[in-house]
Every structure is written in structure tokens, then in C-alpha cells.
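Below: the structure, in C-alpha cells.
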Amino acid sequence: MELGLQLKKYRTERKWTQKELASIINVSDKTISSWENNRSYPDIAMLVSLSNTFNISLDEFIKGDTAMVKTIDRNLKLRKVYKVWLLLFLFVIVTSILFLSLYQNKNQWVDRVNPLMEMKIGYTTLPKEVTYNNGERYSLIKSEKGERQFPDDYKNMLVIDGPFGEFSTLSFSGGQSPEGQNYAMVQHKGLYVRRISFISWESIPGIIRDKMNKEYVEIPRHEGSVESK
1 MELGLQLKKY
11 RTERKWTQKE
21 LASIINVSDK
31 TISSWENNRS
41 YPDIAMLVSL
51 SNTFNISLDE
61 FIKGDTAMVK
71 TIDRNLKLRK
81 VYKVWLLLFL
91 FVIVTSILFL
101 SLYQNKNQWV
111 DRVNPLMEMK
121 IGYTTLPKEV
131 TYNNGERYSL
141 IKSEKGERQF
151 PDDYKNMLVI
161 DGPFGEFSTL
171 SFSGGQSPEG
181 QNYAMVQHKG
191 LYVRRISFIS
201 WESIPGIIRD
211 KMNKEYVEIP
221 RHEGSVESK
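To convert, note that position 219 of the sequence shown is 219 in full-length UniProt numbering; the numbers rise steadily by one, no gaps.
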């Protein structure tokens, strides 16, 4: 016998209305109506509650309703699958957070997409002249010959990030600075440098200038390192 008919049978035997049964098991009378008309099925917990309410075994209560049993079985299997996927999802999230927390300031590509890190604005003193093509000086002769000369990156630049002397040691590209503007405002997140702007000494906030060298001083460090103090 279908579950809906079973439910209606046991309810009417006790001369309960749908509203009275609904009140006993803490659901709405519309839910009882839906179950009795097989528009939906109660879950396992509610089936146990109903069998206890009617004082019959769960096996007796659902006996004969093959479709309902298959539906419950399928729902249970789906719940197990969802539980596994949820655990995997949580594992990936927790692992990602741990990785992004521990692997900060080690790789510019990771820092670039790391949502746990903030974008900072820092200031640095640049050398007045840059080298080209891996350490060579700019050559007018090569330029006249049409040979391409690429400015080398700025390496291990001491970037002041805050008024209390917080700093980062960064490497980035930018090319030759204009005359009188051999200072840079650097927007960065960890090792990832988003952009720089050449500025004059007077354009730097005074509280930051107090922590900077006006003349460029080479800082020997490992390429791409970052420190904060």
C-alpha cells in the first residue's frame, strides 16, 4: 500500500484531522495533505516520528510502497555524495587559506591573487641612471644603428611602506626615470608590483621622506625578497 494511503488509514483510525496530526508531529496540515496525496514524502526522521505516533514499526508503516522506499534510498545516497563533496570543498578551502597565509611574500604570482593580502603604497629612491641589456650602459651608437636596448629591472629596491619605517624589498620594471624624478611611488601587494609612478622628492609625504635616503643606496639582497619592520 502506498505511504499516503497508509498515513491516511492510521490517521482516520484515530479519528484525527490532518491539522491535529500536524500539530502532534510539528508540521503544517498542508504537509500532511501533501504526504497523503503522494505529492511528497516525509524524510527518515519524520517517518520514525510518524511510526512512533501511530505505535507501529517503521517496517510496517512503509511496507508495500516500493516507489517511496526507492526515493528514500536515492535521497540517502545523494546525501552521502553531498556530504563527501562538502567535506572535499571544506578541505580545499581550509588548505587554500593555510597555503595563502603561509606562502605570502614568496612568489609574486601567488601574492597577486592572494585575497588575504592588502595592496600597499610605498616610496623608494631610484638610481639616476639605469643599465640596459643586462648591465650595459645606454649607447647612442647602438641607438643610431637601430639596435634595441631594453632597460634592466630595478632590483632589490628598498620601498618604504609606512610612517614607522615599514619596508619591502622589491624588484620591478620601469625604465629610465625622468630627470629630477628619480623616486617612485610603488603600488604593490607582497612581491607583486602592480604599477609605479616616477615622482620628485617634494612629492613624497614628509613623514615618509624622514625614513628614506634622498640619494640612491644599493641594498644587496636576494632578488624579490620582502621584509617588514
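Glycine residues also receive a C-beta, built at the ideal position from the N, C-alpha and C atoms.
Since the structure is predicted, the reported quantities are computational estimates derived from the model, not experimental observations.
I208, enclosing alpha helix (DSSP H) - first and last residue:
Taken as a continuous stretch (DSSP letters only), the alpha helix (DSSP H) holding I208 covers G206 to R209.
Rounded straight-line distance, which links the Cα of K155 to that of residue 231
Examination of residue 231 is not possible in this model, given that the chain is present from 1 through 229 alone.
Taking Cβ to Cβ, would you say L170 is nearer than 9 Å to T95?
With respect to T95, L170 sits apart: the two C-beta atoms are not nearer than 9 Å.
Test item: CB-CB of I208 and I141 under 9 Å
No; because the gap between Cβ atoms is not below 9 Å, this pair is not in contact.
Under 9 Å between C-beta atoms of I25 and T53
Against a cut-off of 9 Å, the Cβ pair of T53 and I25 comes out as a contact.
Per-residue DSSP class, three states only, for Q149
In the structure shown, the three-state DSSP call for Q149 is coil.
8 Å CB neighbourhood of S101 in its chain, flanking five on each side removed
L116.
Per DSSP, A22 is paired with what?
According to DSSP, which records beta bridges pairwise, A22 is partnered with nothing at all.
Closest to H188 by C-alpha separation, out of I121, N133, I62 and F61, would be which residue?
Checking every option, the nearest Cα to that of H188 belongs to I121.
Between P163 and chain D, is the shortest Cβ-Cβ distance under 9 Å, so that the two count as touching?
Reference to chain D is not applicable here, since this structure consists of a single protein chain.
Within 10 Å of its beta-carbon, does F167 have 16 or more other beta-carbons around it, so buried, or fewer, so exposed?
By the Cβ neighbour-count rule, F167 is buried, with 16 or more other Cβ atoms within 10 Å of its own.
Beta-carbon within less than 7 Å of I219's beta-carbon, same chain only, minus the 5 sequence neighbours each way: which residues are those?
The residues are N156, L158 and T169.
What would DSSP say about K142, mapped onto helix, strand or coil?
Here K142 sits in helix by DSSP.
Leaving aside the five residues before and after P42 along the sequence, list all residues of the same chain whose C-beta is less than 7 Å from its C-beta, in chain order.
In the same chain as P42, and ignoring 5 residues on each side of it, the C-beta atoms closer than 7 Å to its own belong to W35 and L50, in chain order.
Please state whether DSSP places R39 in a helix, a strand or coil.
It is coil, neither helix nor strand.
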